[in-house]
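Trainee: Residue numbers (this note's numbering): 41 to 100.
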Amino acid sequence: MRPTCESCACDLPPGGEAYICSYECTWCAECRDGFPGHVCPNCGGDLQRRPTRVVRPADG
Ligand SMILES: [Zn+2]
Ligand SMILES: [Zn+2]
Numbered sequence: 041m042r043p044t045c046e047s048c049a050c051d052l053p054p055g056g057e058a059y060i061c062s063y064e065c066t067w068c069a070e071c072r073d074g075f076p077g078h079v080c081p082n083c084g085g086d087l088q089r090r091p092t093r094v095v096r097p098a099d100g
């Protein structure tokens, strides 16, 4: 699981919104919104919302 967007290199915290394709290319929501057809620009695969971690910090 990558910690940054492959396009703009912004931080993608575990609980935040991020999208991955089946090859685990990782993108932030803003970049994903700009992709034609909302598919991965690297491999053309479907982008899925990245699952959030089950274990969370105590605060929240
Ligand atoms: Zn991005
Ligand atoms: Zn991809």
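Positions of the beta carbon are idealized from the N, C-alpha and C atoms, including for glycine.
Nothing here was measured: the structure is a model prediction, and the numbers come from that model.
Short check: CB of C61 to CB of L87, under 8 Å?
Mentor: Here residue 61 is taken as the residue at index 21 of the sequence shown, counted from 1. Here residue 87 is taken as the residue at index 47 of the sequence shown, counted from 1. In contact: C61 and L87 (Cβ atoms closer than 8 Å).
Trainee: Check whether the Cβ atoms of Y59 and R72 lie closer than 8 Å to each other.
Mentor: Here residue 59 corresponds to residue number 19 of the sequence shown, with the count starting at 1. Here residue 72 corresponds to residue number 32 of the sequence shown, with the count starting at 1. Yes.
Trainee: Which residues share a DSSP beta bridge with A58?
Mentor: Looking up residue 58 in the sequence shown gives position 18. C68.
Trainee: Under 7 Å Cβ to Cβ from C83, same chain only, skipping five residues before and after it: list those, please.
Mentor: Counting from one through the sequence shown, the residue named residue 83 turns up at place 43. Hits under 7 Å: C61, Y63 and C65.
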